[in-house]
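A short worksheet on the structure shown next.
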Amino acid sequence: MAATFRDSLARPIPWLDAFDIDSDVLDVEHKWLIEALNHACLETAHCPSRGRKVVAELDIPGLIAAHFANEERLFDQLDYAYNAQHRQEHEHIRRMAAPLLSSGTDDSVFAQGLLQARTGLVEHLIRHDLSFKSHLLYQYGK
Ligand SMILES: [Fe+2]
Ligand SMILES: [Fe+2]
12 MAATFRDSLA RPIPWLDAFD IDSDVLDVEH KWLIEALNHA CLETAHCPSR GRKVVAELDI
72 PGLIAAHFAN EERLFDQLDY AYNAQHRQEH EHIRRMAAPL LSSGTDDSVF AQGLLQARTG
132 LVEHLIRHDL SFKSHLLYQY GK
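Note that the sequence shown covers residues 12 to 153 in this note's numbering.
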């Protein structure tokens, strides 16, 4: 694994208050997902097989899918105008995360996929979940 790539894996993405969406369940899930992905990336930087073990034991693709399902339930309840587009973005990340549980990929493909999933999830949070926050605040009359 190239040194710069290993360095990216080993550098965690910090949680920022600016990522807050609802000061409740969604934030707890976002924090936990970023923490889990940081942990898996760090382990992978040291030893890819340990990273694979973390992904499998925490079931990171399953955690991501469960979080998206919770968000999508809220979209339906709140009549969110960008429901369909946001769901498509979830599907994109789900497809990125699913192969992480496959044992058939070599270590560098696994490591690259893991890094992409972490970056993709944080980008999603910034680009899409934060725009949902405006809708949430409006719905709650804030
Ligand atoms: Fe989210
Ligand atoms: Fe989302």
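Positions of the beta carbon are idealized from the N, C-alpha and C atoms, including for glycine.
- For residue 148, the three-state secondary structure derived from DSSP is helix.
- The nearest non-hydrogen atom of ligand 1 is less than 8 angstroms from the C-beta of residue 32.
- Take residue 94, set aside five residues on each side of it, and the residues of its chain with a beta-carbon closer than 8 angstroms to its own are 83, 86 and 87, in chain order.
- Rounded to the nearest whole angstrom, the CA to CA distance from residue 89 to residue 76 is 20 angstroms.
- The three-state secondary structure of residue 55, taken from DSSP, is helix.
- Where residue 103 is concerned, the enclosing alpha helix (DSSP H) starts and stops at 94-108.
- The three-state reading of DSSP puts residue 34 in coil, since its state is none of H, G, I, E or B.
- Taking a cut-off of 8 angstroms for Cβ pairs, the region 51-66 and the region 109-122 touch, as three or more such pairs fall below it.
- Per DSSP, the continuous alpha helix (DSSP H) segment holding residue 15 begins and ends at 14-21.
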